[in-house]
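According to this note's numbering, the sequence shown is numbered sequentially starting from 18. Quick notes on the structure that follows.
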Amino acid sequence: MVVAIGNAGELGYNICMLAKEHLMGKVIVTIIGTQTDASGDENRLELVTAGTRHDKNGISYVTYHESEISGMEGTTTLLKVFGDHFALIRKGAVEQHLEFYPDRKCDGRYITAFGAMSLSVYTKRLDMVSSGKNLSLDTAYELAINDQWQSSNTLSVSVLEEE
18 MVVAIGNAGE LGYNICMLAK EHLMGKVIVT IIGTQTDASG DENRLELVTA GTRHDKNGIS
78 YVTYHESEIS GMEGTTTLLK VFGDHFALIR KGAVEQHLEF YPDRKCDGRY ITAFGAMSLS
138 VYTKRLDMVS SGKNLSLDTA YELAINDQWQ SSNTLSVSVL EEE
């Protein structure tokens with residue numbers, strides 16, 4: 018479940034702006050990712066964590082902290098959900114920015130303390146549903162590193178308002 022980068026400063030700015038408005042709602046974020054390589058081996062990752070959600074100007078902002086389970090402890094993830102696509106932005110131990118558009122390839126970089134990699138993702142399927150404070154994202158995509166195909170992936174994100 019590896020994705021790519023852009024402007025890492027954007028995440029800090031958005032979190033700061035959202036915190037100033039004090040309009041964040043507490044949510045439970047469930048992330049399920051699968052990665053299938055050329056030999057057919059599948060890796061699955063599931064993370065359930067607390068987060069926040071804020072809607073402004075037609076964009077939903079969901080923020081949560083990664084954990085040791087995801088291998089990105091010390092990283093904050095921001096999902097920006099637009100009407101027709103979403104962006105996944107990470108800042109901290111791992112930095113990346115990737116946008117998922119239906120039937121479109123997006124390029125970027127994945128940056129860690131060990132170095133950076135060029136990535137590209139081709140989104141084959143993208144389903145997004147928003148209902149009140151609840152939100153679901155479901156996507157299937159192909160991942161390439163340095164223009165070499167690596168895996169077929171799925172990513173499902175469920176955001177539920179905390180009761």
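Using N, Cα and C, we set each Cβ at its ideal position, and we do this for glycine too.
Can you list, in chain order, the residues of its chain with a C-beta nearer than 6 Å to that of S153? Leave out the 5 residues immediately preceding and following it.
Along the sequence shown, one-based indexing puts residue 153 at 136. Excluding sequence neighbours, S153 sits near V146 and S175.
On the DSSP bridge list, what partners appear for F117?
Taking the first residue of the sequence shown as position 1, residue 117 is located at position 100. Bridge partners of F117: F103.
From T140 to R121, what does the alpha carbon distance come to, in whole angstroms?
By one-based count along the sequence shown, residue 140 stands at place 123. By one-based count along the sequence shown, residue 121 stands at place 104. The alpha-carbon atoms of T140 and R121 are separated by roughly 6 Å.
Closest by C-alpha distance to A130, when choosing among Y78, E90 and L177:
Walking along the sequence shown from the start, residue 130 turns up at place 113. Checking every option, the nearest Cα to that of A130 belongs to E90.
For V138 and V79, what's the separation of their Cα atoms in angstroms?
Your numbering for residue 138 matches position 121 in the sequence shown. Your numbering for residue 79 matches position 62 in the sequence shown. Their Cα atoms are separated by approximately 21 Å.
Chain C within 8 Å of S77, Cβ atoms only
The chain inventory of the structure shown lacks chain C, comprising one protein chain alone.
Whole-angstrom distance between A67 and Y81, CA atom to CA atom:
To locate residue 81, count along the sequence shown from 1; it is residue 64. To locate residue 67, count along the sequence shown from 1; it is residue 50. Approximately 7 Å, taken between the alpha carbons.
Less than 8 Å separating the beta-carbons of E178 and G149?
On the sequence shown, position 161 is the one that residue 178 refers to. On the sequence shown, position 132 is the one that residue 149 refers to. Going by C-beta atoms, E178 is nearer than 8 Å to G149.
Can you say whether A104 is buried or exposed, counting buried as having 16 or more other CB atoms within 10 angstroms of its CB?
As a first step, residue 104 must be located in the sequence shown, where it is residue number 87. Under this definition A104 is a buried residue.
DSSP three-state call for E85: helix, strand or coil?
Position 68 of the sequence shown, counted from the start, is the residue given in the question as residue 85. Reduced to three states, the DSSP call for E85 is helix.
Under three-state DSSP, which class holds V20?
As a first step, residue 20 is located in the sequence shown; it is residue number 3 there, counting from the start. A caution first: V20 carries a pLDDT of 30, below 50, which makes its placement in the model unreliable, though a value can still be read off. Note: V20 maps to coil in three-state DSSP.
Give every residue of the same chain whose Cβ lies closer than 7 Å to the Cβ of L64, excluding the five residues on either side of it in the sequence, and list them in chain order.
By one-based count along the sequence shown, residue 64 stands at place 47. Cβ neighbours of L64 beyond the five flanking positions: I48, S84, I86 and S87.
Any idea if E59 is buried or exposed, counting beta-carbon neighbours within 10 angstroms, 16 or more meaning buried?
Here residue 59 is taken as the residue at index 42 of the sequence shown, counted from 1. Counting Cβ neighbours within 10 Å, E59 comes out exposed, since fewer than 16 surround it.
Need the endpoints of the beta strand (DSSP E) that V1 sits in, please.
Outside the displayed span of the chain (18 to 180) sits residue 1, for which this structure offers no information.
Can you list, in chain order, the residues of its chain whose CB lies under 7 Å from that of S77, leaving out five sequence neighbours each side?
Mapped onto the sequence shown, residue 77 falls at position 60. R70, V98, S147 and L152.
Going by alpha carbons, who is nearest to A157 out of S168, L95 and D164?
Counted from its first residue, the sequence shown places residue 157 at position 140. Measuring from the Cα of A157, the nearest candidate turns out to be S168.
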